[in-house]
Amino acid sequence: MADLSVTMAGVTFRNPIIPASGAFGFGQEYQCLYPLSRLGGISLKGTTLHARQGNPPPRIAETPAGMLNSVGLQNPGVDQLIAQELPKLKEQGTVIIANIAGATVEEYAEAVRRLEETPVHMIELNISCPNVKQGGAAFGVNPETAAEVTRAVRRVTTKPLMIKLSPNVTDITLIAKAVEAEGADAISLINTLLGMRIDVRTRRPILHQNVGGLSGPAVLPIAVRMVWQTAQAVKIPICGMGGVSRWEDALELILAGASTVQIGAALFANPMAPLEIIQGLSQYLDEHHIPQLADLIGAVEPY
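Each step along the sequence shown adds one to the number in this note's numbering, with nothing skipped, and position 188 is 479.
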């Protein structure tokens, strides 16, 4: 059998497939379906310094080829993660990625600092959050603010640091270069695209927050394009995500330059999707006599 293992930012993954933050919780609900050790890793539910109740409903809406969400980072806070969730997760035999969010640079840094002596293998910073000190624009839409939060967090942790980039920008490579320059060890992309749906009967937005993040198959071509562009612009490794529901989708992102791949919205329709994708990648490698998956990272041949 082909070798599916990959190394990203010094962390070795059994295979490249990782359930995405926000789609897999802390993994408890899935343990009755399969051992979490069969996954490459888990990106945990987005966690903030203090507990958050999230946005009022409705906060999920279907779209023709995906879904909108405005859950609002409902989570128990970083101290609860450390006390209640991590002791159970460290026994599961998979890579643990803590996804951290915040409203200020100080919140990001303090939440990550508290994780320094925990079994978390890697930090993933969600910089699509509104920066409350600068008018509410997301940290990740501006190279300067993206660099600022990366720099602050880099100072307080020795763990591998991965920055999750927003696609809601003109040129994603500018953000990628900015966080690389401030010490990011890896980049994950893409986060959700901003979208909206309207109930034509009530003439009101379907989501209580009016707009939400679009994920699902509709965004795959955008994710592939942005991963490919970013891979040409930076030297650090990439975790690709966005619209992946089949092994072919995951392989597209890998060929575009991703070392690992996160699976999000597909889990709501098919909780077995990660295992099916892992199996599909394994069969592809065997059928094409490719000894290891790492040989395919960035192997696309543009015209």
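All residues carry an ideal CB built from backbone N, CA and C; glycine is no exception.
Computed from a predicted structure; not experimentally measured.
**Prompt:** Can T339 be considered in contact with the ligand GDP, in the sense that its beta carbon sits closer than 7 Å to one or more heavy atoms?
**Reply:** Absence of the ligand GDP from the depicted structure is noted, as is the absence of any ligand whatsoever, leaving it without description.
**Request:** Please list, in chain order, all residues of the same chain as P348 whose beta carbon is under 8 Å from its beta carbon, the five residues on each side excluded.
**Result:** H499
**Request:** Check whether the Cβ atoms of G504 and M532 sit closer than 8 Å, and answer yes or no.
**Result:** Contact check for G504 against M532 fails: the beta carbons are separated by 8 Å or more.
**Request:** Go ahead and pull the three-state DSSP assignment for A300.
**Result:** coil
**Request:** Specify, as a first and last residue, the run of the alpha helix (DSSP H) that E407 falls within.
**Result:** Run containing E407: none; DSSP gives neither H nor E here.
**Prompt:** Assuming L340 and G316 make a contact with CB atoms under 8 Å, what is their CB distance in whole Å?
**Reply:** 19 Å between Cβ atoms; not a contact.
**Asked** Could you give the residue range of the alpha helix (DSSP H) that holds I513?
**Response** I513 -> alpha helix (DSSP H) spans 511-524.
**Request:** Could you spell out the range, first to last residue, of the alpha helix (DSSP H) harbouring K468?
**Result:** 463-472
**Item:** Check whether L416 and V440 have beta carbons under 8 Å apart
**Value:** yes
**Prompt:** Q322: buried (16+ other C-beta within 10 angstroms of its C-beta) or exposed?
**Reply:** exposed
**Message:** Using 8 Å as the cut-off, can you tell me whether the segment 448-468 makes contact with the segment 295-307, which would need three or more C-beta pairs spanning the two stretches below that distance?
**Reply:** With the cut-off at 8 Å, the segment 448-468 and the segment 295-307 touch.
**Message:** Helix, strand or coil, according to DSSP, for L644 in the structure here?
**Reply:** Residue 644 cannot be examined here, being either before or after the span of the chain that is shown, 292 to 594.
**Cα-Cα separation, Q383 to T493** = If I take the Cα positions, the gap works out to 47 Å.
**Asked** Got a sec? Which residues, its chain only, sit under 7 Å from I466 by beta carbon, not counting five neighbours each side?
**Response** G431, P434, A437, L456, V460
**Request:** Please confirm whether V510 and G357 have their CB atoms less than 8 Å apart.
**Result:** yes
**Message:** Report the start-end ranges of each beta strand (DSSP E) in the segment 541-574 that is 3 residues or longer and not cut off at the edges.
**Reply:** 551-554
**Request:** For the beta strand (DSSP E) containing A477, list its first residue and its last residue.
**Result:** 477-480
**Item:** 8 Å Cβ cutoff met for G331 and V386
**Value:** yes
**Message:** Since I414 and I391 should fall inside the 8 Å C-beta cutoff, what is the C-beta to C-beta distance between them, to a whole number of angstroms?
**Reply:** 6 Å
**Request:** Give every residue of the same chain whose Cβ lies closer than 6 Å to the Cβ of E398, excluding the five residues on either side of it in the sequence, and list them in chain order.
**Result:** L340
**Message:** For L364 and H580, what's the separation of their Cα atoms in angstroms?
**Reply:** 43 Å
**Rounded separation between V411 and N306 - CA only** = If I take the Cα positions, the gap works out to 18 Å.
**Prompt:** Among P310, L480, T551, which has the Cα closest to the Cα of I418?
**Reply:** Considering only alpha carbons, the answer is L480.
**Asked** In this structure, what does DSSP give as the bridge partners for K424?
**Response** The partner list for K424 (beta bridge, DSSP) is empty, contrary to what the question assumes.
**Request:** Ignore the nearest five residues each way along the sequence and tell me which others in V525's own chain have a CB closer than 8 Å to its CB.
**Result:** T464, A467, K468, E471, I478
**Item:** Collapsed DSSP secondary structure at L327 in the structure displayed
**Value:** helix
**Item:** Endpoints, beta strand (DSSP E) assigned at A389
**Value:** 386-391
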